[in-house]
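Worksheet: one structure, shown below.
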């Protein structure tokens with residue numbers, strides 16, 4: 001059994017450029033500046049690797 005305290009989880013953003021770069025939202029501005037990444041979001045993608053449905057994705061997008 002794996003127990004996860006959900007109170008300790010924070011929102012993350014993946015990217016830019018690759019989904020391997022997961023960054024906590026609270027740190028994104030500083031990390032973007034430090035790496036010379038764009039500071040303004042021009043477009044985004046909501047997706048999932050597995051176990052999501054069109055309904056899940058449309059709810060997230062609204």
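Residue numbers (the numbering used here): 1 to 62.
C-beta atoms are modelled at their ideal positions from N, C-alpha and C, and glycine is treated no differently.
Note that the structure is a prediction, hence the values are computed from the model and not measured.
Taking the alpha carbon of residue 8 as the reference point, which residue from 56, 45 and 24 has its own alpha carbon closest?
Locating residue 8 in the chain shown gives position 8, where the first residue counts as 1. The candidate whose alpha carbon is nearest that of residue 8 is 24.
What is the DSSP secondary structure of residue 41, counted as helix, strand or coil?
On the chain shown, position 41 is the one that residue 41 refers to. Residue 41: coil per DSSP, three-state reduction.
Note down, in chain order, each residue of its chain lying with its Cβ closer than 6 Å to the Cβ of residue 37, except the 5 sequence neighbours on either side.
As a first step, residue 37 must be located in the chain shown, where it is residue number 37. Answer for residue 37: 16, listed in chain order.
Within this structure, are the beta carbons of residue 39 and residue 46 separated by less than 8 Å?
The residue labelled residue 39 in the question sits at position 39 within the chain shown. The residue labelled residue 46 in the question sits at position 46 within the chain shown. Going by C-beta atoms, residue 39 is not nearer than 8 Å to residue 46.
Give me, in chain order, the residues of the same chain whose beta-carbon lies closer than 8 Å to that of residue 33; leave out the 5 immediate sequence neighbours on both sides.
Reading the chain shown from its first residue, position 33 is the one you call residue 33. Answer for residue 33: 39, listed in chain order.
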